[in-house]
Amino acid sequence: MVIDFNGHLVPPEAVRIDPFDRGFTLGDGIFESLRVTGGQVEFAEEHLDRLNRAAEVTAMPLPFTRSEILVRMVRLIAATEMADAALRLMVSRGPAARGVAAPPPEDCRPTVVMALHPLPPTRNAAVAAVVATVTRRNEFSPFSRVKAAPYLDSIVALEEAKGKDAQDAVLLNTQGRVASACYANLFAVIGGRLVTPPLADGPLPGVTRGRVLAALDGAEEGMSADDLAGAEEIFLTNSFGIRSVTALDGRPLPEGPMAAKAREIAG
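Listed below in structure tokens is the structure:
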């Protein structure tokens with residue numbers, strides 16, 4: 005196995021991350037997760053658009069052009085011979101002196117890691133979920149709209165779910181409205197209508213979310229935990245698959261037709 009480390013193809017065990025890298029010491033980094041199918045990176049432009057937005061929000065310099073990183077993706081896929089995979093692209097601000105303040109962009113030496121992994125075996129599997137109580141998603145933060153490295157809210161919510169024999173958690177925002185799942189967007193059928201939380205409520209503007217929303221004529225609509233408790237169907241979307249929620253806080257739910265249609269769209 006090889007990965008792309010700062011533009012070089014190397015085995016993971018040969019990589020040395022600087023102990024003062026801000027991605028390690030402060031979680032000062034951004035990333036994207038992309039699906040590779042048949043040797044092709046799906047919706048690469050949309051993912052790189054979001055990565056660029058993340059770089060703007062965090063004032064993080066990207067040490068590559070779009071065309072350069074696309075070439076590196078193709079090279080990595082060829083080197084690993086993984087035609088169907090999950091590709092993760094991670095960029096940290098790089099090593100710096102102790103302290104929270106970021107160095108000026110001209111002094112940054114960003115660390116870039118790109119790796120391919122097998123597709124999650126449960127990417128289309130049904131899940132039981134709970135409404136998280138240990139944390140809330142901050143819909144006012146600009147980081148709710150990009151993929152930034154500190155994922156602790158999702159991690160602790162997922163740990164809560166696991167402790168309740170569930171596989172995912174629904175995150176509410178600071179106003180008590182539904183935002184998302186731990187690492188996926190959420191759709192629900194309520195009163196016969198397909199709805200998903202609006203971006204103002206804190207979900208990530210997911211690539212698959214946008215495709216499903218448009219193709220199935222869904223609506224962006226705020227919802228409470230009580231609204232969700234009365235849903236006829238709930239499913240979760242990300243770049244790797246569509247998962248039906250077959251139980252929410254112990255209440256059984258069917259694997260409904262909307263999830264099946266979304267799965268056809270996502271491929």
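Take the sequence shown: its position 252, counted from the start at 1, is 256 in my numbering, and no numbers get skipped.
Virtual Cβ for every residue (Gly too), placed ideally from N, Cα, C.
Keep in mind it's a predicted model, so treat the numbers as computed, not measured.
- Under the three-pair Cβ rule at 8 Å, the segment 96-115 does not count as touching the segment 44-52.
- If you check the CB distance, GLU36 and LEU55 come in under 8 Å.
- If you compare the alpha carbons of ALA18, ALA192, PRO146 with that of GLU259, the shortest gap goes to ALA192.
- Contact check for PRO202 against GLU236 fails: the beta carbons are separated by 8 Å or more.
- In the three-state scheme derived from DSSP, where H, G and I count as helix and E and B as strand, ARG127 is classed as coil.
- The residue from GLU17, ARG20, GLY214, ILE21 with its alpha-carbon nearest to that of ALA188 is GLY214.
- Buried is the label assigned to LYS151, since at least 16 other Cβ atoms lie within 10 Å of its Cβ.
- Taking a 10 Å sphere around the C-beta of VAL45, we find 16 or more other C-beta atoms and assign the residue as buried.
- Assigned with DSSP and collapsed to three states, PRO146 falls in helix.
- Excluding residues up to 5 positions away in sequence, GLU143 lie with their Cβ nearer than 7 Å to the Cβ of ALA204 in the same chain.
- Secondary-structure assignment with DSSP links THR41 through a beta bridge to GLN44.
- Between VAL135 and LEU176, the C-beta spacing is below 8 Å.
- Taken in chain order, the whole beta strand (DSSP E) runs of length 3 or more contained in the segment 187-238 are 189-194, 197-200.
- When DSSP states are grouped into helix, strand and coil, PHE28 belongs to the helix group.
- When C-alpha distances from ILE246 are compared across PRO261, ASP253, PRO207, ALA87, the shortest belongs to PRO261.
- VAL117 sits in a strand when the DSSP states are folded into three classes.
- C-alpha of CYS112 to C-alpha of ALA83: approximately 29 Å in a straight line.
- For ASP8, the pairing in a beta bridge is given by DSSP as LEU13, MET118.
- The C-alpha of LEU208 is placed about 17 Å away from the C-alpha of ILE238.
- At a Cβ-Cβ threshold of 8 Å, LEU123 and ASP88 count as neighbours.
- Rounded to whole angstroms, the gap between the alpha carbons of ASN10 and GLY43 is 22 Å.
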